[in-house]
């Protein structure tokens with residue numbers, strides 16, 4: 547069941563609406579050929595997720611880089627592996643499609659049969675540790691730094707750190723502002739970068755005075771990382787314990 551809107555969740559949703567509209571105005575050149583904005587075509591699902599934010603401050607805030615093609619690109623939820631979002635988070639809505647869609651990367655929403663490994667690992671860890679989503683969201687929340695999916699003409703994924711310098715600068719200006727606003731609303735005690743890129747984004751926000759929080763990092767669960775393919779859940783758990791979070 548989706549929680550009712552509170553002042554904090556209302557502020558989080560309003561911030562996401564501003565981010566959604568601002569990134570829509572950004573321009574990207576070749577080799578970026580396709581840009582998906584799940585905050586547009588999967589807004590209802592994303593909004594339902596934001597409503598799960600704890601109305602009390604002092605959360606542990608996890609930050610990822612940007613949506614994966616079989617995760618948030620399909621569900622509108624950060625690291626949104628379909629089974630986890632549908633069966634554990636109990637979020638399932640009609641998802642529309644981006645206007646300019648790569649034929650090899652269709653948005654099928656909750657009908658998509660592919661599974662995103664990163665999201666399966668991350669949400670799988672939380673499912674193992676917490677009895678219910680309500681238990682998890684009491685003290686934790688997950689966001690993405692950038693809401694956009696970038697693809698080359700070949701359908702190859704292109705991460706934000708691989709964009710042209712001028713495009714990265716424009717993107718950072720928008721996403722840094724949103725991240726600072728989000729942290730100022732949630733006021734977490736701990737911020738956790740899921741991978742090095744997200745950790746650097748969080749460091750910029752903390753340096754700019756977004757909130758007072760302890761910064762740490764966990765190994766990114768991507769299957770492209772050999773380390774992540776060797777007991778990622780155990781490694782991430784140890785890192786969270788060493789950071790004093792768990």
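In the numbering used here, the protein residues as written are 547 to 792. Even for Gly, the Cβ is constructed at its ideal location relative to N, Cα and C.
Name, in chain order, the residues that DSSP records as bridge partners for residue i.
i	result
residue 609	689 and 739
residue 697	580 and 703
residue 764	740
With a cut-off of 8 Å on the beta carbons, I'd call residue i and residue j a contact; round off their distance for me.
i	j	result
residue 634	residue 669	7 Å
residue 696	residue 581	6 Å
residue 731	residue 561	7 Å
residue 565	residue 720	7 Å
residue 612	residue 729	Not confirmed; about 18 Å, so no contact.
residue 722	residue 751	7 Å
residue 691	residue 754	The pair is not a contact, with the Cβ atoms about 14 Å apart (cut-off 8 Å).
Suppose the cutoff is 7 Å on Cβ atoms and the five residues either side in sequence are ignored; what does the same chain contact list for residue i look like?
i	result
residue 662	614, 616, 617 and 627
residue 646	580
residue 769	663 and 775
Using only the alpha-carbon positions, how far apart do residue i and residue j sit?
i	j	result
residue 586	residue 607	23 Å
residue 771	residue 709	21 Å
residue 684	residue 576	43 Å
residue 759	residue 610	17 Å
residue 571	residue 747	21 Å
residue 781	residue 787	10 Å
residue 530	residue 702	Residue numbering for the chain in the displayed model covers 547 to 792; residue 530 lies beyond these limits and cannot be assessed.
residue 739	residue 651	27 Å
residue 724	residue 716	13 Å
With a threshold of 16 other CB atoms inside 10 Å of the CB of residue i, please say whether the residue is buried or exposed.
i	result
residue 737	buried
residue 655	buried
residue 555	buried
residue 756	buried
residue 657	exposed
residue 553	exposed
residue 640	exposed
residue 594	buried
Give every residue of the same chain whose Cβ lies closer than 6 Å to the Cβ of residue i, excluding the five residues on either side of it in the sequence, and list them in chain order.
i	result
residue 622	584, 588, 591 and 592
residue 767	664, 667, 668, 774 and 778
residue 698	577, 579 and 704
residue 785	764
Tell me which same chain residues have a C-beta within less than 8 Å of the C-beta of residue i, skipping the five on either side of it?
i	result
residue 677	none
residue 604	685, 733, 734 and 735
residue 712	none
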